[in-house]
Amino acid sequence: MKRRDPLPDLTRVLEDSRPHRPAGHLAGGTLEPAVREKRLHMRFDKAFVVVIGSELYGETVAIARNVSAGGILVEMSYAPPLGTVVTVHFQHLRDNDLIDEIVARAEVKHHHYLNFSGGDESAASRAIGLRFLEFVDLGDAVAAERLH
Numbered sequence: 009m010k011r012r013d014p015l016p017d018l019t020r021v022l023e024d025s026r027p028h029r030p031a032g033h034l035a036g037g038t039l040e041p042a043v044r045e046k047r048l049h050m051r052f053d054k055a056f057v058v059v060i061g062s063e064l065y066g067e068t069v070a071i072a073r074n075v076s077a078g079g080i081l082v083e084m085s086y087a088p089p090l091g092t093v094v095t096v097h098f099q100h101l102r103d104n105d106l107i108d109e110i111v112a113r114a115e116v117k118h119h120h121y122l123n124f125s126g127g128d129e130s131a132a133s134r135a136i137g138l139r140f141l142e143f144v145d146l147g148d149a150v151a152a153e154r155l156h
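Using this note's numbering, you'd call the opening residue of the sequence shown number 9 and step up by one each time.
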């Protein structure tokens, strides 16, 4: 039988009157350690417009959020079925009316239905979680069997 040491006295924790600060905030000029992130890829939390293209559903303008090297969350008016492969067009208009574009092929991995309210009104939004499969060079033709 193992001998156990007595439990330490933790009453001081309950009596601690310091205000709680979420991890990652400055406290007395020092940065408290943040909660350990379990995601594989760092997220870029910025909302911007993308074009989502699909052979079956056509193209639609959507709002992209939480971009990472592995995927993206996209708010859009419909949710393509899980497993659908779509193209994500990241576009940037330059001052001289030229458009820079990056195109990625991605698979629909998740459906998200968001319900929220503000004041007296409630609203809802749809979003899909996409996992990037590859980035497409616009100079290369995509084989027809790879399009869905």
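The beta-carbon is built from N, C-alpha and C at its ideal position, and this holds for glycine as well. Treat the numbers as computed from the prediction; the structure is a model and nothing was measured.
Cα atoms of H97 and K117: separation of roughly 18 Å, rounded to the nearest angstrom. Cβ-Cβ separation between G137 and G91: approximately 12 Å, too far for a contact (criterion under 8 Å). Shown here for A55: same chain residues with a beta carbon closer than 8 Å to its own, the five before and five after excluded, namely I71, A72 and R73 in chain order. With fewer than 16 neighbouring CB atoms inside 10 Å of its own CB, A132 falls in the exposed class. With fewer than 16 other Cβ atoms from the protein chains shown falling within 10 Å of its own Cβ, R102 counts as exposed.
Secondary-structure assignment with DSSP links R102 through no beta bridge to anything.
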